[in-house]
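>
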Amino acid sequence: MTYRITLIPGDGIGPEVTDAARLVATATGLPIEWDVVDAGERAIRASGTPLPDAVFDSIRRNKVALKGPITTPIGGGFRSVNVALRQQLDLYASVRPARAIAGEGTRFPETNLIVVREATEGLYSGVEHWVDRDHTAAETVNVITRKASDRIIRFAFERARRDHRHHVTAVHKANIMKTTGALFQTAFREMAPQYPDILADERLIDNMCMQLVKKPEEYDVLVTTNLFGDILSDLCAGLAGGLGVAPGALYGEGLAVFEPVHGSAPKYAGQDKADPVAEILCLELLLRHLGETEAADRIFRAVWETIHEKKVVTYDLALPGYTARPVPPSSCSAMAREIARKVPLVDPSVPIPPARPAGPVGTDPSLEGS
Ligand code: NAD
Numbered sequence: 002m003t004y005r006i007t008l009i010p011g012d013g014i015g016p017e018v019t020d021a022a023r024l025v026a027t028a029t030g031l032p033i034e035w036d037v038v039d040a041g042e043r044a045i046r047a048s049g050t051p052l053p054d055a056v057f058d059s060i061r062r063n064k065v066a067l068k069g070p071i072t073t074p075i076g077g078g079f080r081s082v083n084v085a086l087r088q089q090l091d092l093y094a095s096v097r098p099a100r101a102i103a104g105e106g107t108r109f110p111e112t113n114l115i116v117v118r119e120a121t122e123g124l125y126s127g128v129e130h131w132v133d134r135d136h137t138a139a140e141t142v143n144v145i146t147r148k149a150s151d152r153i154i155r156f157a158f159e160r161a162r163r164d165h166r167h168h169v170t171a172v173h174k175a176n177i178m179k180t181t182g183a184l185f186q187t188a189f190r191e192m193a194p195q196y197p198d199i200l201a202d203e204r205l206i207d208n209m210c211m212q213l214v215k216k217p218e219e220y221d222v223l224v225t226t227n228l229f230g231d232i233l234s235d236l237c238a239g240l241a242g243g244l245g246v247a248p249g250a251l252y253g254e255g256l257a258v259f260e261p262v263h264g265s266a267p268k269y270a271g272q273d274k275a276d277p278v279a280e281i282l283c284l285e286l287l288l289r290h291l292g293e294t295e296a297a298d299r300i301f302r303a304v305w306e307t308i309h310e311k312k313v314v315t316y317d318l319a320l321p322g323y324t325a326r327p328v329p330p331s332s333c334s335a336m337a338r339e340i341a342r343k344v345p346l347v348d349p350s351v352p353i354p355p356a357r358p359a360g361p362v363g364t365d366p367s368l369e370g371s
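Taken in order, the sequence shown gives residues 2 to 371; the numbers are from our numbering.
1. Which residues in the same chain have their Cβ closer than 6 Å to the Cβ of Leu-52, if we skip the five residues on either side of it in sequence?
2. Roughly how far, in whole angstroms, is the beta-carbon of Gly-16 from the beta-carbon of Gly-69, given that I think they are within contact range, below 8 Å?
3. Can you tell which of Ala-94, Glu-306, Glu-42 has its C-alpha closest to the C-alpha of Glu-260?
4. Taking the straight line between their C-alpha atoms, what separation do you get for Val-37 and Leu-284?
5. Report yes if the C-beta distance between Ala-296 and Thr-29 is below 9 Å; otherwise report no.
6. Where does the unbroken alpha helix (DSSP H) through Phe-185 begin, and where does it stop?
7. If distances are taken between C-alpha atoms only, which option among Ile-300, Glu-254, Asn-208, Lys-216 comes closest to Leu-240?
8. Please confirm if the region 298-306 is in contact with the region 250-270, defined as three or more CB-CB distances below 8 Å between the two stretches.
9. When you compare each of Ala-335, Leu-184, Ile-177, Arg-80 to Val-128 by their alpha carbons, which one comes out closest?
10. Could you say if the region 164-174 and the region 198-205 meet the contact criterion of at least three C-beta pairs nearer than 8 Å?
11. Note down, in chain order, each residue of its chain lying with its Cβ closer than 6 Å to the Cβ of Leu-228, except the 5 sequence neighbours on either side.
12. Hey, quick one: how far does the alpha helix (DSSP H) through Pro-16 stretch, first residue to last?
13. I'd like the span of the alpha helix (DSSP H) that includes Tyr-157, first residue to last.
14. Indicate whether Asp-1 and Leu-318 have their beta-carbon atoms separated by less than 9 Å.
15. Take the Cβ of Glu-159 as the centre, count every other Cβ of all protein chains shown within 10 Å, and call the residue buried at 16 or more, exposed below.
16. So what's Phe-109 in DSSP terms, helix, strand or just coil?
17. Please state whether the Cβ-Cβ distance between Val-262 and Pro-248 is less than 9 Å.
18. Return helix, strand or coil for Arg-134, following the three-state DSSP convention.
19. Would the C-beta of Ser-331 count as close to ligand 1, meaning under 8 Å from any of its heavy atoms?
20. According to DSSP, simplified to helix, strand and coil, what is Ser-331?
21. Counting contacts by CB-CB distance shorter than 9 Å, is Ser-350 in contact with chain D?
22. DSSP three-state label for Thr-72, please.
23. Tell me whether Gly-1 is buried or exposed, calling it buried when 16 or more other Cβ atoms sit within 10 Å of its Cβ.
24. Starting from Arg-204, trace the beta strand (DSSP E) both ways and give me its first and last residue.
25. Hey, how far is the Cα of Pro-98 from the Cα of Arg-134?
26. Considering only the alpha carbon of each residue, which of Arg-342, Glu-254, Asn-113, Lys-343 lies closest to Gln-89?
27. With DSSP as the reference, label Phe-79 as helix, strand or coil.
28. Would you mind reading off the limits of the alpha helix (DSSP H) that contains Leu-251?
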């Protein structure tokens with residue numbers, strides 16, 4: 002059976018990193034037919050709208066999509082294509098794993114957690130307006146519903162069980178937001194007893210940020226509302242090695258869209274410089290979703306070995322300050338070719354070695370000469 006998968010190359014570095022993922026997909030030998038549709042700036046140039054109906058039609062037809070990042074104008078211009086896509090397809094669960102790979106590019110090599118973010122409401126509801134004619138005051142409405150809170154919290158507990166994780170932390174600000182925050186908190190407290198095998202606790206968002214940058218290894222699954230999840234997933238990406246290696250997935254009823262945590266990084270567009278790993282790990286998550294576990298394991302192993310060897314890695318994994326052993330940076334396409342070359346060669350059944358102990362990057366003597 003041939004898999005037909007929607008591919009949205011996106012803006013900025015999107016076409017380069019999605020090309021990289023396609024190269025790796027070919028290396029798996031799986032029969033995949035890509036249904037390529039444009040959204041964002043390319044779609045505006047072609048059809049005058051950033052989110053043509055063809056995008057929705059393709060995702061609804063194929064049920065699964067691989068997406069590059071899409072630029073959103075800041076402080077004006079058209080509404081976020083990403084937010085519109087999530088809301089209109091009801092892709093309510095944004096799942097962002099933050100796993101340090103081969104201990105490279107991070108001061109926290111033991112990081113291995115998942116951020117589960119509600120992706121359809123909260124402060125991204127799009128309900129906002131100027132309060133006065135002179136534009137000296139404004140309001141954005143934070144929409145939190147019991148239905149969406151229950152749905153995302155249940156998703157987080159079920160995902161924890163499925164992935165053999167044992168700890169779910171709800172992140173909110175119920176001390177200050179005494180309606181919206183408290184509603185989310187109550188939903189969590191009422192759901193948690195249904196999962197007695199999972200430790201359930203709570204953190205206020207500000208304390209959570211501090212805890213994560215001190216001891217991320219103590220956390221497992223974080224579940225939270227839209228804006229807090231957006232911020233926490235970038236923070237966790239930083240803990241795990243940076244935006245260049247952070248994949249993500251959006252799940253709705255019967256639909257799944259895989260997109261990296263990072264944006265379109267316009268300053269690197271067209272330079273063949275961006276790290277392709279985040280998009281390649283999105284492909285890995287996508288294949289896992291399709292039940293292609295062996296191909297997904299091969300991709301993860303090939304990424305892990307490429308980063309561990311550090312012969313062909315992009316700038317973000319090569320520079321002093323980000324790694325114990327600086328090397329000359331390779332291009333996006335060279336790193337993708339290296340990962341693709343390894344995919345059929347690796348043995349995914351060999352266990353990944355344990356992470357190096359946490360400590361300042363560049364001073365771990367166990368990595369000298371490795
Ligand atoms: P960004 O993620 O594009 O870039 C932030 C920083 O990370 C930059 O220094 C960038 O160079 C670096 N970076 C990002 N991806 C990288 C990669 N693959 N390899 C190496 N370095 C990488 O965030 P931004 O600059 O805040 O946003 C740029 C645009 O992307 C905005 O229009 C924003 O709205 C959009 N955006 C889209 C999505 C999405 O499509 N899901 C997500 C976030 C931001």
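All C-beta atoms in this analysis are idealised placements derived from N, C-alpha and C, irrespective of residue type, glycine included.
Here the structure is a predicted model, which means the values were calculated and not measured.
So, from the listed chains and residues:
1. Ala-40, Val-82, Ala-85
2. Going by the sequence as given, residue 16 is Pro instead of Gly. Contact flag correct, Cβ pair sits at about 7 Å.
3. Ala-94
4. 15 Å
5. yes
6. Counting along the chain, the alpha helix (DSSP H) containing Phe-185 begins and ends at 181-192.
7. Lys-216
8. no
9. Arg-80
10. yes
11. Same-chain partners within the cutoff: Gly-123, Leu-124.
12. 15-28
13. In the sequence as displayed, the identity of residue 157 is Ala instead of Tyr. Unbroken alpha helix (DSSP H) run through Ala-157: 147-163.
14. The requested residue 1 is not part of the displayed model; the chain covers only 2 to 371.
15. An exposed status is given to Glu-159, since fewer than 16 other beta-carbon atoms sit within 10 Å of its beta-carbon.
16. coil
17. Val-262 is a Cβ neighbour of Pro-248, given a cutoff of 9 Å.
18. Of the three classes helix, strand and coil, the one that applies to Arg-134 here is coil, per DSSP.
19. Result no, Cβ not under 8 Å from ligand 1.
20. coil
21. Of the protein chains in this structure there is only one, and it is not chain D.
22. coil
23. With the chain covering only 2 through 371, there is no way to say anything about residue 1.
24. 200-205
25. 44 Å
26. Glu-254
27. coil
28. Element bounds for Leu-251: not the alpha helix (DSSP H) but the beta strand (DSSP E), 250-252.
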